[in-house]
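Going by this note's numbering, the first residue of the sequence shown is number 134, and it counts up by one from there.
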Amino acid sequence: MISLHYDVVVLGGGIAGLWTLDRLLRRGYDAVLVEARALGGGQTLASQGIIHGGLKYALGLGGTARALRGMPERWRRCLAGQGEVDLRGARLAAESHCLWFPPGPAARLAALAAGRGRLAPVADGERPAPLAHPDCGGTLLRLAEPVVDVESVVRVLAGFWPDRLLHASAEQLHLERDGSGACRLVIAAAEGALRLAAGALVLCAGAGNGPLLAAAGARWPKPQLRPLHQVMVRHRAGSFHGHVVGIDGNPRLTVTSHPLPDGSLVWYLGGALAEAGVGRTPEAQIAAARAELAALMPWLSLGEARFATVRVERAEPRRPGLARPADAFACWVQGPSNVIAAWPTKLALAPRLAERVEALLGERNVRPSGRRSPRPPLPAPPLSTPPWREAFGHAA
Ligand code: FAD
Numbered sequence: 134m135i136s137l138h139y140d141v142v143v144l145g146g147g148i149a150g151l152w153t154l155d156r157l158l159r160r161g162y163d164a165v166l167v168e169a170r171a172l173g174g175g176q177t178l179a180s181q182g183i184i185h186g187g188l189k190y191a192l193g194l195g196g197t198a199r200a201l202r203g204m205p206e207r208w209r210r211c212l213a214g215q216g217e218v219d220l221r222g223a224r225l226a227a228e229s230h231c232l233w234f235p236p237g238p239a240a241r242l243a244a245l246a247a248g249r250g251r252l253a254p255v256a257d258g259e260r261p262a263p264l265a266h267p268d269c270g271g272t273l274l275r276l277a278e279p280v281v282d283v284e285s286v287v288r289v290l291a292g293f294w295p296d297r298l299l300h301a302s303a304e305q306l307h308l309e310r311d312g313s314g315a316c317r318l319v320i321a322a323a324e325g326a327l328r329l330a331a332g333a334l335v336l337c338a339g340a341g342n343g344p345l346l347a348a349a350g351a352r353w354p355k356p357q358l359r360p361l362h363q364v365m366v367r368h369r370a371g372s373f374h375g376h377v378v379g380i381d382g383n384p385r386l387t388v389t390s391h392p393l394p395d396g397s398l399v400w401y402l403g404g405a406l407a408e409a410g411v412g413r414t415p416e417a418q419i420a421a422a423r424a425e426l427a428a429l430m431p432w433l434s435l436g437e438a439r440f441a442t443v444r445v446e447r448a449e450p451r452r453p454g455l456a457r458p459a460d461a462f463a464c465w466v467q468g469p470s471n472v473i474a475a476w477p478t479k480l481a482l483a484p485r486l487a488e489r490v491e492a493l494l495g496e497r498n499v500r501p502s503g504r505r506s507p508r509p510p511l512p513a514p515p516l517s518t519p520p521w522r523e524a525f526g527h528a529a
């Protein structure tokens, strides 16, 4: 048995784990991250990459809106190399995105939204190609919130600390309690068992946090999963990033556009379509997406388009009625003495999550040792692939 001791061991290499690891290593913590599958392969690469500033939610839920305020600026500073993480190597998919209020009952919300200040009408000559058709009515407002190419963000974050990233499958990983009530990680490796002890084990495993909390014997917090059935449409109708606003002020459809290596484009469709489609088969969900696009944008010719779907679960701390949490969440768990559970609840909130984890460590006196303990003999985790490349590959 090889035993190693770190200040912090992070479990899970999505945006939460990678951003947190980076912050802690820069602060002088002796930290490693263990990923069970592939970096970004949970919700992170399946997300739409919108760096919300809360305005969308201001039409609905106030708490989320407050937490998100400032996130676009914080990410923009990072993308310009002037923030807490140097993301200059990452790609911005769009500087801003749109809120489209189609003609009909949702149109009355446009005036309300426009009054919020951070929205500007999109001039006719600047409309995204799919909404530039003369038959496209309603109101189109620009929301100054960027959309990031999440794969490039994950690649940049992973590239900072290659020697601190470890791969071991969920079957190889076990949590055990020591005599003092602390948890440590035991990994069944080819060379024999490895034991990784730490001042803190930080669970950033998304949907994997539930099983990890159970294995650690934690009484609180409890997880929740909110499923989505996203649709992917490969076509050549042009790029569009935005929300099509529904009657209740929530997105009837959220559209982001992702290029494939052959020059075609994938529209990734979320919003109410993805929530309502959870109980549908992929075929029924594709039929619903076709009907929704035909109703909203009948001028688009999608005869040649190819459709696919992907199911993803949003993993979060449990809230009454499965409500959406208002902010990034991290806490010391009840039960084992050294385990932190962490869910950003939004990609955009990863910086707030990392900050919160660092504050929690300070509260229990887990301080940066300034050491760099040796890397255990484990391989590096692979980088995952976004669902649209999984679905459509590189073929023309
Ligand atoms: P994940 O990305 O799920 O990462 C968890 C990682 O832990 C995975 O790599 C997994 O393999 C690993 N793991 C699991 N079990 C174990 C284990 N036992 N040991 C070690 N590793 C383990 N947010 C936004 O701000 N903007 C958006 O536009 C947006 N769009 C979204 C669209 C969809 C369809 C979904 C599902 C979410 C979206 N979100 C968005 C939310 C955002 O994606 C998530 O909040 C965020 O990615 C969560 O990151 P995470 O690192 O906590 O989890």
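Idealized CB from N, CA, C, for every residue including glycine.
Residues that Q363 bridges to, as DSSP identifies them: V443
Segment contact, 8 Å Cβ cut-off, at least three pairs: the segment 173 to 187 with the segment 277 to 287: yes
In the DSSP output, what is T389 paired with across the bridge? Y401
So for R199, helix, strand or coil by DSSP? helix
Could you tell me the boundaries of the alpha helix (DSSP H) in which I419 lies? 415 to 429
Buried versus exposed call for E324 [16 or more other C-beta atoms within 10 Å across all chains shown]: exposed
Any non-hydrogen atom of the ligand FAD within 8 Å of Q467 CB: no
By the DSSP assignment, the beta strand (DSSP E) with F373 in it spans what residues? No beta strand (DSSP E) holds F373; DSSP gives it neither H nor E.
Are the beta-carbon atoms belonging to A171 and P510 less than 9 Å from one another? no
Take every Cβ of the segment 417 to 426, pair it with every Cβ of the segment 391 to 398, and state whether three or more of those distances are shorter than 8 Å. no
What are the start and end residues of the beta strand (DSSP E) that includes D140? 135 to 144
Element boundaries [alpha helix (DSSP H), containing V283]: 283 to 293
Just to confirm before moving on: does the CB-CB distance between A463 and W476 stay below 9 Å? yes
In whole angstroms, what is the alpha-carbon distance linking S136 and R209? 41 Å
What are the boundary residues of the alpha helix (DSSP H) that includes I148? 148 to 159
What residues match up with G187 in a beta bridge as DSSP calls it? According to DSSP, G187 bridges with nothing at all.
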